[in-house]
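Step one of this worksheet: look at the structure below.
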Amino acid sequence: MNSAIQWETFPHEADIGVRGVGSTMAEAFAGVALAMTSAICDPAKVGAGETAHIECAAPDDEQLLVDWLNALVYEMATRRMLFARFDVGIENHRLVATAWGEAVDVARHEPAAEVKGATFCELAVRQQADGQWLAQCVVDV
Amino acid sequence: MDLNKLRQRGEFEWELPATGRMRVPGVIFASRELVLAMDEKVAEQVANVAGLPGIVSASYAMPDAHWGYGFPIGGVAAFAAEDGGVVSAGGVGFDISCGVRTLLTGLKRADIAAQQARLADLLYARIPAGVGSTGGIRLDAGGMAAMLQGGARWAVREGYGSEADLAHIEEHGCVAGADPSAVSEQAKKRQRDEMGTLGSGNHYLEVQEVSEIFDVAAAQAYGLAAGDVVVSIHCGSRGLGHQIGTDYLREMVVAAPAAGIALPDRELACAPIQSALGQRYLGAMRAGINCALANRQILTHLARQAFAAVFPGVHLPLLYDVSHNTCKEETHTVDGHQRRLFVHRKGATRAFGPGHRELPPEYVRVGQPVLVGGSMGTASWILAGGAAAGSNAEERAFGSACHGAGRAMSRHEATRRWQGRALIDELAARGILIRSPSPRGVAEEAPLAYKDVGAVVDASDRAGLARKVARLAPLVCIKG
Numbered sequence: 002m003n004s005a006i007q008w009e010t011f012p013h014e015a016d017i018g019v020r021g022v023g024s025t026m027a028e029a030f031a032g033v034a035l036a037m038t039s040a041i042c043d044p045a046k047v048g049a050g051e052t053a054h055i056e057c058a059a060p061d062d063e064q065l066l067v068d069w070l071n072a073l074v075y076e077m078a079t080r081r082m083l084f085a086r087f088d089v090g091i092e093n094h095r096l097v098a099t100a101w102g103e104a105v106d107v108a109r110h111e112p113a114a115e116v117k118g119a120t121f122c123e124l125a126v127r128q129q130a131d132g133q134w135l136a137q138c139v140v141d142v
Numbered sequence: 039m040d041l042n043k044l045r046q047r048g049e050f051e052w053e054l055p056a057t058g059r060m061r062v063p064g065v066i067f068a069s070r071e072l073v074l075a076m077d078e079k080v081a082e083q084v085a086n087v088a089g090l091p092g093i094v095s096a097s098y099a100m101p102d103a104h105w106g107y108g109f110p111i112g113g114v115a116a117f118a119a120e121d122g123g124v125v126s127a128g129g130v131g132f133d134i135s136c137g138v139r140t141l142l143t144g145l146k147r148a149d150i151a152a153q154q155a156r157l158a159d160l161l162y163a164r165i166p167a168g169v170g171s172t173g174g175i176r177l178d179a180g181g182m183a184a185m186l187q188g189g190a191r192w193a194v195r196e197g198y199g200s201e202a203d204l205a206h207i208e209e210h211g212c213v214a215g216a217d218p219s220a221v222s223e224q225a226k227k228r229q230r231d232e233m234g235t236l237g238s239g240n241h242y243l244e245v246q247e248v249s250e251i252f253d254v255a256a257a258q259a260y261g262l263a264a265g266d267v268v269v270s271i272h273c274g275s276r277g278l279g280h281q282i283g284t285d286y287l288r289e290m291v292v293a294a295p296a297a298g299i300a301l302p303d304r305e306l307a308c309a310p311i312q313s314a315l316g317q318r319y320l321g322a323m324r325a326g327i328n329c330a331l332a333n334r335q336i337l338t339h340l341a342r343q344a345f346a347a348v349f350p351g352v353h354l355p356l357l358y359d360v361s362h363n364t365c366k367e368e369t370h371t372v373d374g375h376q377r378r379l380f381v382h383r384k385g386a387t388r389a390f391g392p393g394h395r396e397l398p399p400e401y402v403r404v405g406q407p408v409l410v411g412g413s414m415g416t417a418s419w420i421l422a423g424g425a426a427a428g429s430n431a432e433e434r435a436f437g438s439a440c441h442g443a444g445r446a447m448s449r450h451e452a453t454r455r456w457q458g459r460a461l462i463d464e465l466a467a468r469g470i471l472i473r474s475p476s477p478r479g480v481a482e483e484a485p486l487a488y489k490d491v492g493a494v495v496d497a498s499d500r501a502g503l504a505r506k507v508a509r510l511a512p513l514v515c516i517k518g
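See below:
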């Protein structure tokens, strides 16, 4: 993954905010996905042996971020996986991505919480004054 | 919250006057201290809900109200279909019908003292908990549809529990009008392996001791006495409910402008009750409620098996089962007239008072059991809905009360302050045995990360929402 991508979680009264920053919107989306994994467990413990292919389209970039995270939630839930590496491409509110991860290993990953879904709360996708892209929202855990 | 924007109606009742786009006032039931501690976002969200089409009487907030999505958590609002009223996927939330049920055991604390660790281990072995866990049941398409239509009634037919359980569940364990065809294939796929699983986060199964009785008559009606051991289960509709929330929130946001609904916050996503989308959501959401009821019924069966292995011949009758995140069609008296309303309770409990026709005969004299979860090191509570019989007090907030303590700090802050394994040791030293696959998850749910549930319960009692009956202290906690 591009080392310029930054990610973090931020506090919310009941749940967890997830944020990614990168030189492009696609990098910011990759960052926010990694932040979502960190809401569940330490991403450094997650291997990258399996892949998931994800495509989504939305009327605007903010909805696209929610759709992207919810597509990952769906893959995690139905395949019992965690993801730690993301290659994201975005064009005209359409996203095509590959996520690398592995099956949940409770003893090794010690997952703290399951993400139920991405919300519209604190949702933002924007280019900042310094030219960097920011993507964020609160996820329900 | 700034008290200057509120008008005090009583010691535990505060009005947010209707201004701007608000169609009705907001009403917050809480002590001065609890209102002061509430985020300004709660007032904003109460006001936003008050502006939704077809809202009746007021936009209510319970004593445990806190910043949610669209609706505050602890928000109650009712809508009339004939007035263009709406049903809101945001007003129900992701974890449809998340709720609590409590089982009696007939045992006293002294009976289990010597077996407490063995019981904790057996429960932990039997109850699938945590991220990635799967249940022992696999549903094919026909089985899934039957479960979504039948709820706990389906689970009893499948051998999980007895008919007697159903009388002690809202709607007798099965909400009518569920439409499995309105539930997406993705939602069904998420649920395929998750029947009979606890989940994670703030979900739990606890063995508790009745530590104090406050209302002897109600406690007798509920079968509770000081020193009794009970079991409480807190969980919801698992992946199915989460995906229904995700699917319909998106669809309602996209459809709102065409329906003439201006959303001040996308999380308030809603559709007219009488629209095709509103009806489809109601069908799917009711299927989600039934899924939650079936799930808690299966977990009850697993808990009973664990208890029977340690205490042969023991019976665990169901005291009651309440749901927190729902929209239910109910009859209420508004300005002297009986009206059919769609009552949204988001992080709030139904709390019907004495004499209500939907209560089982053994509880009708004292009111509905209201089961309020606390945090794992502190207390949970059992209340009785409404004001005392004969008090002639009017029903408040469409017969609703608080649902829990609410967080005092973020998960982030909790993991900064506490270390999971140290916390588990500290609680064990106090006689509370925690079993969880995730130490970090335990730290995020640390007792002090939650507000004092006692203050919330006191305010519910004093505001006339629900009366204190019994306090429960934890002995064993299985956390996801």
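Quick mapping for you: the protein sequence lines, in order, are chains A and B.
Each position in the first sequence, counted from 1, maps to that position plus 1 in our numbering.
Each position in the second sequence, counted from 1, maps to that position plus 38 in our numbering.
Beta carbons: idealized from backbone N, C-alpha and C, even for Gly.
Source: prediction; values computed, not measured.
With distances taken between CB atoms, is the gap from residue i to residue j smaller than 8 angstroms?
i	j	result
B:ALA216	B:ARG324	yes
B:GLU53	B:VAL65	yes
A:GLU51	A:GLY102	yes
B:GLU244	B:PRO512	yes
B:ALA466	B:ALA68	no
A:ASP106	A:ASP16	no
B:HIS362	B:HIS241	no
B:SER418	B:LEU510	yes
B:ALA446	B:TYR488	yes
B:ALA386	B:GLY137	no
B:LEU320	B:ALA307	no
B:THR140	B:LEU397	no
B:LYS506	B:PHE117	no
B:GLY411	B:HIS280	no
What is the DSSP secondary structure of residue i, reduced to helix, strand or coil?
i	result
B:THR172	coil
B:SER361	strand
B:LEU141	strand
B:PRO355	coil
B:THR4	With chain B running from 39 to 518 in the structure shown, residue 4 of chain B is simply not present.
A:ALA36	helix
B:LYS489	coil
B:LYS517	strand
B:VAL269	strand
B:TRP456	coil
A:ASP79	In the sequence as displayed, the identity of residue 79 of chain A is Thr instead of Asp. It is helical.
B:ARG47	strand
B:VAL402	coil
A:ASN3	Confidence in A:ASN3 is poor, its pLDDT being 49 and thus under 50, which makes the residue's placement unreliable; the coordinate value appears in the next sentence. DSSP places A:ASN3 in coil when its eight states are reduced to three.
A:VAL142	coil
A:HIS54	strand
B:TRP52	strand
A:GLY23	strand
Hey, how far is the Cα of residue i from the Cα of residue j?
i	j	result
B:ILE299	B:GLN312	14 angstroms
B:THR172	B:SER126	30 angstroms
B:ALA85	B:ALA314	27 angstroms
B:PHE436	B:LEU177	37 angstroms
B:PRO407	B:TYR401	8 angstroms
A:ASN3	A:ARG86	With a pLDDT of only 49 at A:ASN3, under 50, the local geometry of the prediction cannot be trusted, and no value is derived from it.
B:VAL80	B:PRO485	23 angstroms
B:GLY122	B:GLU368	17 angstroms
B:ASN42	A:VAL67	37 angstroms
A:TRP69	A:HIS54	11 angstroms
B:SER249	B:LEU160	24 angstroms
B:ARG70	B:GLY393	31 angstroms
B:ALA322	B:ARG147	42 angstroms
B:ILE462	B:ILE472	6 angstroms
B:MET185	B:GLY234	12 angstroms
B:GLY128	B:THR338	29 angstroms
B:MET290	B:MET60	21 angstroms
B:ALA443	A:GLU63	32 angstroms
Could you pull the DSSP bridge partners for residue i from this structure?
i	result
B:ARG505	B:ALA422
B:PHE380	B:PHE117 and B:GLU367
**Study point:** Contact residues within the segment 100–116 of chain A, judged by C-beta distance below 7 angstroms to chain B
**Key:** Per Cβ criterion, the list reads VAL105, VAL107, GLU111, PRO112, ALA113, ALA114 and GLU115.
Practice prompt. With 9 angstroms as the limit, tell me which residues of the segment 102–129 of chain B have their beta carbon closer than that to any beta carbon of chain A; keep them in chain order.
Written response: Residues of the segment 102–129 of chain B with a C-beta less than 9 angstroms from any C-beta of chain A: HIS104, TRP105, GLY106, TYR107, GLY108, ILE111 and GLY128, listed in chain order.
* Asked: For the segment 130–142 of chain A, which residues have a CB atom closer than 7 angstroms to at least one CB atom of chain B, in sequence order?
  -> Here the close residues are ASP141 and VAL142.
Could you list the residues in the segment 57–76 of chain A with a C-beta less than 9 angstroms from some C-beta on chain B, going in chain order? When C-beta distances to chain B are compared with 9 angstroms, the residues of the segment 57–76 of chain A below that value are ALA59, PRO60, GLU63, GLN64, VAL67, ASP68, ASN71, VAL74 and TYR75, in chain order.
Contact set between the segment 168–181 of chain B and chain A, restricted to residues whose Cβ is under 7 angstroms from the partner
Per Cβ criterion, the list reads GLY168, VAL169 and GLY170.
Selection of the segment 358–390 of chain B by Cβ proximity to chain A, strictly under 8 angstroms: Residues: none.
Name the residues in the segment 451–476 of chain B whose C-beta lies less than 9 angstroms from a C-beta of chain A; which are they? So the list reads GLU451, THR453, GLY458, PRO475 and SER476, given in the order they occur along the chain.
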